[in-house]
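Quick note on the working numbering: the sequence shown kicks off at 762 and runs consecutively. Even glycine gets a Cβ: it sits at the ideal position worked out from N, Cα and C. Have a look at the structure below before the remarks.
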Amino acid sequence: MLEEIFIPTPLNIALLMLKPPFIYIIIGLILFGSIIGICFAFWETFQPCIFVILDIVAVLVRTAVATGKAFYWCTAYIVFPIKETLFGCIDGADVCLKPYKKKNPLKVDVPFFQYV
């Protein structure tokens, strides 16, 4: 049997919009619009509740930001000594395997030229 071929007519598009992925979006938009309409119709009644909800959301966001900053600070201060130690070990092994990379300070008793 041949599969149905989708012909984009207005009726087929409307029927496609009534299938599961799109119907959930449409129902959600209708519910959201009706809730907004009810809030605007009874704003004086809902105003204290809305402000309490916004205050709670603000507290939660501030808590999340402070927690994130504290986690970043702790991670940075814990990882830095580990990173420096690791790089020191790598540099030590590199100098052990390639002695010409060792940094030697100038000896005081060796004459050197200086422009005066």
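- For Asn773, the secondary structure class from DSSP, reduced to helix, strand or coil, is helix.
- Distance from the CA atom of Gly789 to the CA atom of Pro771, rounded to whole angstroms, is 23 Å.
- DSSP places Phe874 outside both helix and strand once states are collapsed to three, so it counts as coil.
- The DSSP-derived three-state label of Ile784 is helix.
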